[in-house]
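Asker: Residues in the sequence shown are numbered from 28 upward in steps of one, following our numbering.
The following block contains the structure, expressed as structure tokens.
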Amino acid sequence: MRYLVTGNAGFIGFHVAKRLLERGDEVVGVDVVNDYYDPVLKEKRLEILASLPSDGRYQFHRFNLADQDKVREHLGHDRFDRVIHLAAQAGVRYSLENPLAYVESNIVAFTNVLEFCRHQRVPHLSYASTSSVYGADTDMPFRESQGANHPLQFYAATKRANELMAHSYSHLFGLPTTGLRFFTVYGPWGRPDMALYLFTKSILEGRPIDLFNNGNHTRDFTYIDDIVDGVLLASDEIAVPDPAWNSDRPDPSTSNAPYRVLNIGNNNPVKLSEYVAEIEKCLGMAAHRRLLPLQPGDVPETFADVSRLMAAVNYRPSTPVSVGVRNFVDWYRSYHA
28 MRYLVTGNAG
38 FIGFHVAKRL
48 LERGDEVVGV
58 DVVNDYYDPV
68 LKEKRLEILA
78 SLPSDGRYQF
88 HRFNLADQDK
98 VREHLGHDRF
108 DRVIHLAAQA
118 GVRYSLENPL
128 AYVESNIVAF
138 TNVLEFCRHQ
148 RVPHLSYAST
158 SSVYGADTDM
168 PFRESQGANH
178 PLQFYAATKR
188 ANELMAHSYS
198 HLFGLPTTGL
208 RFFTVYGPWG
218 RPDMALYLFT
228 KSILEGRPID
238 LFNNGNHTRD
248 FTYIDDIVDG
258 VLLASDEIAV
268 PDPAWNSDRP
278 DPSTSNAPYR
288 VLNIGNNNPV
298 KLSEYVAEIE
308 KCLGMAAHRR
318 LLPLQPGDVP
328 ETFADVSRLM
338 AAVNYRPSTP
348 VSVGVRNFVD
358 WYRSYHA
């Protein structure tokens, strides 16, 4: 099939595009390649995609999806079997410093993607949401049916807005949409602003690592290969109206429109201190831990109920943290020589 993958210079987008090309699909990638983190890492990912033996099945466009004219110019005459929208301004803490970047990337750009899918009659749009939308909720494990109306950061608020925007397009225009709530994704080629990358770098350099909430966070750490499995399985299975949906007792994650929201996680939360212990084991070095209080906007615990995704597409996460961390550390040592 022919896929549009936005954000394919990013961590998850790169892995999704790579898997699609390796299985024989056509991929058109779009990314602005901004400097939120080291653009060199993004360019390296793009080099790998361009070097894959694809027989012309791969194209890449470098532009900002928030520019509607650019969307029309580069994609207006193209047709796709699926759109997987992974381009976004990521980062929980950065949203406290620069909220307007999230408006441009997560609201304006997403509107342009919805409009593109609507007018091009795309059979199915899948897009990235986040476990952060559960915010102040503490009923574990997080279930899609429990709602997500108390986000604790502006980043999470923009992703929750994406889910609501998608529902309106599913309802008004019959556009099938699937929102994917990712739970703490990690693995090779990961983002330098994420905990695993920061911890590994600091330990190797003999610098202390900051453990907020005194290291008592728990996270449903999900390895990148398991995330890609879930993304592709959900994308291939087109969203349809839920025949059991009841407007008197509405389930917020489904609809009488072709709309759904799904968790993608490991279904096995791990304490942050244990995660650090795995990094130490792989590096053969002890971390100098600096215990700090909870940060503004932080969520103490995440735990994904993935039963809906398992039932819908037979999703089965299979990578334990010990294996995933080892794979990352091996990649990190190789990438940074």
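We treat Cβ as the ideally placed atom computed from N, Cα and C, and that holds for glycine.
As the structure is a computational prediction, the values presented were derived from the model and not from experiment.
So, with DSSP's three-state summary, where would you put H244?
Answerer: DSSP places H244 in coil when its eight states are reduced to three.
Asker: Suppose you measure from the CA of G206 to the CA of N290; what does that come to, to the nearest Å?
Answerer: The straight-line gap from Cα to Cα measures roughly 8 Å.
Asker: Could you have a look at T204 and say whether DSSP puts it in helix, strand or coil?
Answerer: T204 falls in the strand class under three-state DSSP.
Asker: Got a sec? Which residues, its chain only, sit under 7 Å from Y196 by beta carbon, not counting five neighbours each side?
Answerer: The residues are L141, R145, L202 and T204.
Asker: Using only the alpha-carbon positions, how far apart do L127 and A93 sit?
Answerer: In a straight line, the C-alpha of L127 is about 12 Å away from that of A93.
Asker: Between the C-alpha atoms of A36 and H194, what's the straight-line distance to the nearest angstrom?
Answerer: Taking the straight line from one Cα to the other gives about 27 Å.
Asker: Going by DSSP, what residue range makes up the alpha helix (DSSP H) through E335?
Answerer: First, the amino acid is wrong: residue 335 is Arg here, not Glu. S334 to V340 is the span of the alpha helix (DSSP H), which, as asked, contains R335.
Asker: Please return the same chain residues whose Cβ sits closer than 8 Å to the Cβ of S282, not counting the five positions on each side in sequence.
Answerer: Counting only Cβ-Cβ distances below 8 Å, and skipping sequence neighbours, we find H194, S197, H198, P268, D269 and W272.
Asker: Which partner residues does D237 have in the DSSP bridge list?
Answerer: Answer is R317, bridged to D237.
Asker: Thinking Q147 and R106 are a contact (beta carbons under 8 Å), I'd like their distance in whole angstroms, please.
Answerer: With a Cβ gap of about 7 Å, Q147 and R106 count as contacting.
Asker: Report all residues from its chain with a CB closer than 7 Å to the CB of V98; omit the five preceding and five following residues, and keep chain order.
Answerer: Counting only Cβ-Cβ distances below 7 Å, and skipping sequence neighbours, we find L92, N139 and F143.
Asker: Can you check which of these residues, Y342, F38, S122 and D237, is closest to A314 by C-alpha distance?
Answerer: Checked all of Y342, F38, S122 and D237; the closest Cα to A314 is D237.
Asker: What is the DSSP secondary structure of N91, reduced to helix, strand or coil?
Answerer: Correct three-state label for N91: coil.
Asker: With H, G and I counted as helix, E and B as strand and the rest as coil, what does DSSP make of H112?
Answerer: If DSSP states are grouped into helix, strand and coil, H112 belongs with the strands.
Asker: Between which two residues does the alpha helix (DSSP H) harbouring E53 extend?
Answerer: Unbroken run through E53 is the beta strand (DSSP E), E53 to V57; no alpha helix (DSSP H).
Asker: Can you give me the start and stop residues for the alpha helix (DSSP H) that N291 sits inside?
Answerer: According to the sequence shown, residue 291 is Ile rather than Asn. It is not in any alpha helix (DSSP H) - I291 instead sits in the beta strand (DSSP E) that spans Y286 to I291.
Asker: DSSP three-state label for E305, please.
Answerer: Note: E305 maps to helix in three-state DSSP.
Asker: Any chance the region 41-57 sits against the region 115-127, with 3 or more Cβ pairs inside 8 Å?
Answerer: No, they do not touch.
Asker: Out of A304, N241, S280 and V57, point me to the one whose CA is closest to L223's CA.
Answerer: Among A304, N241, S280 and V57, the Cα nearest to that of L223 is on A304.
Asker: L48: which of T346, A331, V255 and P344 sits nearest, CA to CA?
Answerer: The residue with the shortest Cα to Cα distance from L48 is V255.
Asker: If you measure between the beta carbons of E190 and R335, is that distance less than 8 Å?
Answerer: It is not a contact, given that the beta carbons lie outside the stated cut-off.
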